[in-house]
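Just so you know, the protein sequences line up as chains G and C, in that order. Under my numbering, think of the first position of the first sequence as 357, with each following residue one higher. Under my numbering, think of the first position of the second sequence as 357, with each following residue one higher. By construction, the Cβ of each residue, glycine as well, lies at the ideal position given by its N, Cα and C atoms. Since this is a predicted model, take the numbers as computed values, not measurements. The structure appears right after this line, and notes come after that.
Number of protein chains: 2
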Amino acid sequence: MKIYFVSSNKHKYIEFRRILKDVIDINWINADYLEPQSDNLIDVAITSAKWFSHYIEEPFFLEDAGLFIDSLGGFPGVYSSYVFKRLGNNGVLKLLDGVENRSARFVSVIALHIGGRITIFEGVVEGTISEEIRGGGWGFDPIFIPNESNGKTYGELGENKDLFSHRGRSATKLRDFIGRLVA
Amino acid sequence: MKIYFVSSNKHKYIEFRRILKDVIDINWINADYLEPQSDNLIDVAITSAKWFSHYIEEPFFLEDAGLFIDSLGGFPGVYSSYVFKRLGNNGVLKLLDGVENRSARFVSVIALHIGGRITIFEGVVEGTISEEIRGGGWGFDPIFIPNESNGKTYGELGENKDLFSHRGRSATKLRDFIGRLVA
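See the structure below:
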């Protein structure tokens with residue numbers, strides 16, 4: 357069994373490949389697509405998966421993810437990728453300058469299209485926004501500290517990010533689901 | 357001849373009604389819709405107009421508008437409405453704190469669906485972001501200074517905003533177009 361993963365984000369592909377490697381090989385389709393403007397990641401993922409079902413072979417999955425910062429009313433949320441490109445980590449830190457409540461959550465929603473149906477796997481991680489950029493990674497990795505990482509940002513965790521991350525959680529659910537199918 | 361205007365934004369309706377009143381009455385359809393995530397306002401307007409053409413009678417128009425700030429790579433752009441709700445004028449001023457280049461432009465794109473076709477009317481106004489909130493209005497009105505207003509923000513211009521505004525320009529093109537049709 358092979359499975360397609362649709363995304364224009366190579367970093368996501370690398371993370372999924374790493375987490376799923378013992379169960380299944382994924383074929384990366386490097387494609388961009390119009391995402392609907394909705395405040396809800398699950399809506400976005402389902403709409404996108406339906407749209408792609410006209411163009412690519414099953415089974416395939418895609419993922420929408422977002423960083424929701426409480427003191428900013430959930431910003432950047434579903435627009436995280438756009439906001440990262442425009443404002444970067446420095447822009448987010450600037451918005452939080454002097455703000456005491458730095459709580460945030462990272463959410464990953466996977467939509468798997470298989471057997472003519474869409475199944476959703478969600479991963480949520482609570483955490484805080486750091487005071488400064490720390491570590492590598494990509495996107496908002498250097499400013500997000502998951503609550504259980506002893507104060508380390510995603511960017512400082514390297515491959516261990518998967519153990520603490522929103523994507524690690526959603527991908528593990530996907531892995532278990534596929535594992536039962538191929539067993 | 358009557359024409360429908362589709363929007364969930366009452367302020368836009370009031371501005372269009374004011375600008376178009378000598379030529380045509382507009383019937384407001386207070387509806388929200390999924391906008392595609394694209395960096396291009398014209399794409400967004402055309403896609404939305406096509407989608408609505410399945411649901412409402414011709415002729416109708418809708419408008420997408422955005423504030424593009426140069427030093428923020430065009431942010432908030434097509435996501436202006438979302439960003440305004442989350443960050444407000446204070447959030448944008450915070451992002452520009454200490455930034456010298458405050459140039460920005462406001463763009464309005466009207467998509468008119470008539471005769472089975474979509475016609476686009478664009479209005480662009482160059483300006484700057486003020487150092488502080490000034491005047492009333494709605495949305496980003498209190499922080500945008502069009503270049504030709506003697507330093508007044510949209511919010512300080514009241515109904516005179518139409519003489520200087522992106523929406524004034526696109527709506528005037530629409531008015532002239534409709535004026536020729538009904539003449």
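Inset, instruction - Return the chain-ordered list of same chain residues with a C-beta closer than 8 Å to the C-beta of G:Leu452, the five sequence neighbours on each side being excluded. - result: Translated into the one-based positions of the first sequence, residue 452 of chain G becomes position 96. If we look at G:Leu452 and ignore the five residues flanking it on each side, its Cβ neighbours are Ile425, Ser427, Leu428, Arg458 and Ile485.
Inset, instruction - Determine the extent of the beta strand (DSSP E) in which C:His469 is found, giving its start and end residues. - result: The count along the second sequence starts at 1 and reaches residue 469 of chain C at position 113. First-last of the beta strand (DSSP E) with C:His469: Ser459 to Ile470.
Inset, instruction - With 8 Å as the limit, tell me which residues of the stretch 446 to 458 of chain C have their beta carbon closer than that to any beta carbon of chain G; keep them in chain order. - result: Of all residues in the stretch 446 to 458 of chain C, Gly447, Lys450, Leu451 and Asp453 have a Cβ within less than 8 Å of some Cβ in chain G.
Inset, instruction - Could you pull out every residue in the same chain whose Cβ sits closer than 7 Å to the Cβ of C:Ile489, ignoring the five residues on either side in sequence? - result: Locating residue 489 of chain C in the second sequence gives position 133, where the first residue counts as 1. Around C:Ile489: Asn445, Pro498 and Ile499.
Legend entry - Three-state secondary structure (DSSP) of G:Thr528: Here residue 528 of chain G corresponds to residue number 172 of the first sequence, with the count starting at 1. Three-state result, G:Thr528: helix.
Inset, instruction - Can you grab the Cα-Cα spacing for the pair G:Ile385 / C:Ile474, in whole Å? - result: What you label residue 385 of chain G is simply residue 29 of the first sequence in a count that begins at 1. What you label residue 474 of chain C is simply residue 118 of the second sequence in a count that begins at 1. Computed Cα separation, rounded: 33 Å.
Legend entry - Cross-chain neighbours of C:Phe417 in chain G, by beta carbon under 9 Å: For the purposes of this step, residue 417 of chain C is taken as the residue at position 61 of the second sequence. Under the 9 Å cutoff, chain G gives no residues; its nearest Cβ is about 19 Å from C:Phe417.
Legend entry - Alpha-carbon to alpha-carbon, C:Leu513 and C:Gly576: Only positions 357 to 539 of chain C appear in the structure, and residue 576 of chain C is not among them; the question remains open.
Inset, instruction - Throw me the rounded Cβ distance for the G:Leu530 and G:Leu468 pair, which I believe falls under 8 Å. - result: To locate residue 530 of chain G, count along the first sequence from 1; it is residue 174. To locate residue 468 of chain G, count along the first sequence from 1; it is residue 112. The Cβ separation is near 6 Å, so the contact holds.
Inset, instruction - Helix, strand or coil for G:Asp381, going by three-state DSSP, please let me know. - result: Counting from one through the first sequence, the residue named residue 381 of chain G turns up at place 25. Of the three classes helix, strand and coil, the one that applies to G:Asp381 here is strand, per DSSP.
Legend entry - Reference G:Val480, options G:Tyr435, G:Lys508, G:Gly422 and G:Tyr438, closest by Cα: Here residue 480 of chain G refers to the residue found at position 124 of the first sequence. Sorting G:Tyr435, G:Lys508, G:Gly422 and G:Tyr438 by C-alpha distance to the C-alpha of G:Val480 places G:Gly422 at the top.
Legend entry - Selection from G:Phe462, G:Ile402, G:Phe417 and G:Lys406 that minimises the alpha carbon distance to G:Phe431: Position 75 of the first sequence holds residue 431 of chain G. Residue G:Phe462 holds the alpha-carbon nearest to the alpha-carbon of G:Phe431 among G:Phe462, G:Ile402, G:Phe417 and G:Lys406.
Legend entry - Exposed unless 16 or more other CB atoms sit within 10 angstroms - verdict on G:Lys377: The residue given as residue 377 of chain G occupies position 21 in the first sequence. Label assigned to G:Lys377: exposed.
Inset, instruction - Would you kindly report the start and end of the unbroken alpha helix (DSSP H) that includes G:Ser363? - result: Locating residue 363 of chain G in the first sequence gives position 7, counting from the first residue. Per DSSP, G:Ser363 is not a residue of any alpha helix (DSSP H); the beta strand (DSSP E) it occupies stretches across Lys358 to Ser363.
Inset, instruction - Could you tell me whether any Cβ in chain G is nearer than 7 Å to the Cβ of C:Gly429? - result: The residue you call residue 429 of chain C lines up with position 73 of the second sequence. At least one chain G Cβ lies under 7 Å of C:Gly429.
Legend entry - Interface flag, G:Tyr369 vs chain C, CB-CB below 7 Å: Numbered from 1 along the first sequence, position 13 holds the residue referred to as residue 369 of chain G. False, the Cβ-Cβ gap to chain C never drops below 7 Å.
Legend entry - C:Glu515 burial status per 10 Å Cβ neighbour count (16 or more: buried): By 1-based counting over the second sequence, the position of residue 515 of chain C is 159. Here C:Glu515 is exposed, its C-beta having fewer than 16 other C-beta atoms within 10 Å.
Inset, instruction - Taking C:Gly495 and C:Phe416 to be in contact with their CB atoms under 8 Å, please state how far apart those CB atoms are, rounded to whole angstroms. - result: For the purposes of this step, residue 495 of chain C is taken as residue 139 along the second sequence, with counting starting at 1. For the purposes of this step, residue 416 of chain C is taken as residue 60 along the second sequence, with counting starting at 1. Distance from C:Gly495 to C:Phe416 at the Cβ level is roughly 23 Å; contact not present, criterion being Cβ atoms closer than 8 Å.
Legend entry - Alpha carbon of C:Lys406 to alpha carbon of G:Gly471, nearest angstrom: For the purposes of this step, residue 406 of chain C is taken as the residue at position 50 of the second sequence. For the purposes of this step, residue 471 of chain G is taken as the residue at position 115 of the first sequence. Straight across, the Cα-Cα distance linking C:Lys406 with G:Gly471 is about 31 Å.
Inset, instruction - Please determine, among C:Asn503, C:Asn506 and C:Ser364, the residue with the shortest C-alpha to C-alpha distance to C:Leu550. - result: The requested residue 550 of chain C is not part of the displayed model; chain C covers only 357 to 539.
Inset, instruction - Mind listing the chain G neighbours of C:Tyr435? Cutoff is C-beta to C-beta under 7 Å, in chain order. - result: Position 79 of the second sequence, counting from 1, holds the residue named residue 435 of chain C. Those are Tyr435 and Tyr438, listed as they occur along chain G.
Inset, instruction - Alpha carbon to alpha carbon, how far is C:Arg442 from C:Lys358? Give it in angstroms, no decimals. - result: Counted from its first residue, the second sequence places residue 358 of chain C at position 2. Counted from its first residue, the second sequence places residue 442 of chain C at position 86. C:Lys358 and C:Arg442: Cα-Cα distance of roughly 36 Å.
Inset, instruction - Determine the closest residue to C:Ile402 out of C:Ser505, C:Glu478, C:Leu449 and C:Glu487, with distance taken between C-alpha atoms. - result: Counting from one through the second sequence, the residue named residue 402 of chain C turns up at place 46. Here the closest residue by C-alpha is C:Glu478.
Inset, instruction - From the DSSP output, in three-state form, read off G:Asp420 for me. - result: Taking the first sequence and counting its residues from 1, one reaches residue 420 of chain G at position 64. Correct three-state label for G:Asp420: strand.
Inset, instruction - Specify the secondary structure class of G:Glu456 as computed by DSSP and reduced to three states. - result: Within the first sequence, numbered from 1, the residue matching residue 456 of chain G stands at position 100. G:Glu456: coil per DSSP, three-state reduction.
Inset, instruction - Have a look at G:Lys517 and G:Ile375 and give me their C-alpha separation to the nearest angstrom. - result: What you label residue 517 of chain G is simply residue 161 of the first sequence in a count that begins at 1. What you label residue 375 of chain G is simply residue 19 of the first sequence in a count that begins at 1. The straight-line gap separating the alpha-carbon atoms of G:Lys517 and G:Ile375 is approximately 11 Å.
Legend entry - Partners in chain C for G:Leu443, counting only beta-carbon separations shorter than 9 Å: Position 87 of the first sequence, counting from 1, holds the residue named residue 443 of chain G. Residues of chain C with a Cβ closer than 9 Å to the Cβ of G:Leu443 are, in chain order, Leu428, Gly429, Phe431 and Leu451.
Inset, instruction - Taking only the alpha-carbon atoms, compute the straight-line gap between G:Ser526 and G:Val465 and give it to the nearest angstrom. - result: Translated into the one-based positions of the first sequence, residue 526 of chain G becomes position 170. Translated into the one-based positions of the first sequence, residue 465 of chain G becomes position 109. Using only the alpha carbons, I get a separation of about 7 Å.
Inset, instruction - Using the Cα positions of C:Trp511 and G:Ser394, report the straight-line distance between them to the nearest angstrom. - result: Position 155 of the second sequence, counted from the first residue, corresponds to residue 511 of chain C. Position 38 of the first sequence, counted from the first residue, corresponds to residue 394 of chain G. The sequence given here places Gly at residue 511 of chain C; Trp does not occur at that position. Put simply, the backbone Cα of C:Gly511 is about 29 Å away from that of G:Ser394.
Inset, instruction - With a 10 Å radius around its C-beta and 16 neighbouring C-beta atoms as the bar for buried, classify C:Lys324 as buried or exposed. - result: This structure leaves residue 324 of chain C out entirely; chain C is present only between 357 and 539.
Legend entry - Neighbourhood of C:Asn506 by C-beta distance below 6 Å, restricted to the same chain and skipping five residues each side: The residue given as residue 506 of chain C occupies position 150 in the second sequence. Excluding positions up to five away in sequence, the list is empty.
Inset, instruction - Return the Cβ separation of G:Asp420 and G:Val448 in integer angstroms, given the expectation that the two are a contact with Cβ distance under 8 Å. - result: Here residue 420 of chain G refers to the residue found at position 64 of the first sequence. Here residue 448 of chain G refers to the residue found at position 92 of the first sequence. Not confirmed; about 19 Å, so no contact.
Inset, instruction - Could you check the C-alpha separation between G:Leu309 and G:Glu504 for me, to the nearest Å? - result: Outside the displayed span of chain G (357 to 539) sits residue 309 of chain G, for which this structure offers no information.
Inset, instruction - Report yes if the CB atom of G:Val379 is closer than 7 Å to the CB atom of G:Ile476, and no otherwise. - result: As a first step, residue 379 of chain G is located in the first sequence; it is residue number 23 there, counting from the start. As a first step, residue 476 of chain G is located in the first sequence; it is residue number 120 there, counting from the start. It is not a contact, given that the beta carbons lie outside the stated cut-off.
Inset, instruction - Report yes if the C-beta distance between C:Pro502 and C:Gly483 is below 7 Å; otherwise report no. - result: Position 146 of the second sequence holds residue 502 of chain C. Position 127 of the second sequence holds residue 483 of chain C. It is a contact, given that the beta carbons lie within the stated cut-off.
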